[in-house]
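Notes for the one structure printed next.
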Amino acid sequence: MTTENNLAVVDWESHKPPTDLIFDDGEPLESNRHRIAMNILIRSLQQAWADRNDYFTGGNMFIYYSSTQVRNRDFRGPDFFAVLNVDGNNSRLGWVVWEENGRYPDVIVELMSPSTAAIDKGIKKNLYEQTFHTSDYFVYDPFDPNSLQGWHLDDNQQYQSLTPNERSWLWCRRLGFWLGTWEGTIDRETAVWLRFYDVAGNLVLLPEEAAIVQADAAVAQADAAVAQAEEAVARQEEAVARQEEAVARAERLAARLRELGENPDVL
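Sequential numbering of the sequence shown, starting at 544, is according to our numbering.
Right, dumping it as structure tokens:
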């Protein structure tokens, strides 16, 4: 059987798809910081693409891709993944490849810990490269600001290490964003978080950050409108003052002329 659209041949294509799928193994993320880090990536991408419905992004969700994997229960979902050119309106408990026209994630990020780093950069990296053919793969430990690494799938279907830019960011071709670090407080936890940046180097905002920016812009716009109104009032008052001065000068001139008319000898 040949492959199409850069997809791997999987054994569910020739067998009846399994139906006994589970979507929750009861295993929590490594830490609260890992949970926040995952949500940052998901929610910021959703904010950046708020006007789009042609993608799906999720995290810590099972990805089912073969009946063997289903039988063995041997794979837990990536911490963050995105699939492009799919119906984003569909509700999904997990990502089931045979229900998604054979589509695999285009981008995956694993949030490492000391106990998972070897697997994330070994078994999982090989799986994403050789079976998923995921275009862009990144790993990052939320407790280690210098741990960001990434790979891009080349024309030979092999991962090539990404070279960081001068800011130590890595370019994600499929999303069209940089992945880099940002230090700050989110959900009451201060850390160096993995964040998206746009082509111009601007931070891709979370919904609450975007709301603050919009509110600040609205306040600035209101302040500008008030300043313009106050300036207009000042100009009007100045014009009235000039008009009153002109009337006063005219009245003084008229009074002088009357005085001269009544007393010609004054000249």
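Note that the Cβ used here is the ideal one computed from N, Cα and C, for glycine as well.
Fair warning: this is a prediction, and the values are worked out from it, not measured in the lab.
Contact check, residue i vs residue j, beta carbons under 8 Å
i, j, result
"Val-776", "Leu-718", "no"
"Leu-696", "Leu-705", "no"
"Leu-746", "Tyr-740", "yes"
"Ser-524", "Gly-693", "Residue 524 cannot be examined here, being either before or after the span of the chain that is shown, 544 to 810."
"Tyr-607", "Val-640", "yes"
"Ser-690", "Asp-684", "yes"
"Leu-584", "Val-626", "no"
"Phe-599", "Arg-576", "no"
"Gly-620", "Gly-637", "yes"
"Ala-753", "Gln-590", "yes"
"Tyr-702", "Glu-672", "yes"
Endpoints, alpha helix (DSSP H) assigned at residue i
i, result
"Val-790", "750-805"
"Leu-670", "666-670"
"Asp-507", "Residue 507 is absent from the model: the chain starts at 544 and stops at 810."
"Ala-660", "660-663"
Endpoints, beta strand (DSSP E) assigned at residue i
i, result
"Thr-730", "Residue identity differs from the one stated: residue 730 is Asp in this sequence, not Thr. Premise fails: Asp-730 is in no beta strand (DSSP E) and is neither H nor E."
"Asp-697", "Unbroken run through Asp-697: none, as it is neither H nor E."
"Trp-714", "713-715"
"Leu-816", "Lying outside 544 to 810, the shown extent of the chain, residue 816 is not represented and no answer is given."
Pairwise C-alpha distance: residue j and residue i
i, j, result
"Asn-603", "Leu-654", "10 Å"
"Tyr-680", "Thr-659", "15 Å"
"Phe-605", "Gln-771", "56 Å"
"Ile-666", "Ala-767", "57 Å"
"Ala-593", "Asp-622", "21 Å"
"Val-682", "Ser-609", "24 Å"
"Glu-802", "Ala-793", "14 Å"
"Lys-668", "Gln-700", "13 Å"
"Gln-779", "Glu-787", "12 Å"
"Arg-785", "Arg-795", "15 Å"
"Ala-789", "Asp-759", "44 Å"
"Arg-738", "Val-756", "17 Å"
"Thr-546", "Ala-765", "Because the pLDDT at Thr-546 is just 36, under 50, the model does not fix this residue reliably, and the value given afterwards should be weighed accordingly. Approximately 58 Å, taken between the alpha carbons."
Same chain, Cβ closer than 6 Å to residue i, neighbours up to 5 away in sequence not counted
i, result
"Asn-596", "Gly-631, Asn-632"
"Asp-730", "Ile-579"
"Glu-805", "none"
Cβ shell of residue i (< 8 Å), same chain only, five flanking positions each side left out
i, result
"Thr-733", "Glu-726, Gly-727"
"Trp-736", "Ile-579, Ala-580, Ile-583, Pro-685, Thr-724, Trp-725, Glu-726, Gly-727, Ile-729"
"Glu-573", "Leu-654, Ser-656, Ser-658, Thr-659"
Check: residue i C-beta below 7 Å from any heavy atom of the ligand ADP
i, result
"Gly-665", "This structure simply doesn't include the ligand ADP, nor any ligand for that matter."
Spatial neighbours of residue i in its chain, beta-carbon cut-off 7 Å, leaving aside the 5 residues before and after
i, result
"Pro-707", "Leu-713"
"Val-783", "none"
"Pro-688", "Thr-724, Val-735"
- Item | Ordered list of beta strand (DSSP E) runs contained in the region 570-637, each at least 3 residues | 598-601, 623-627
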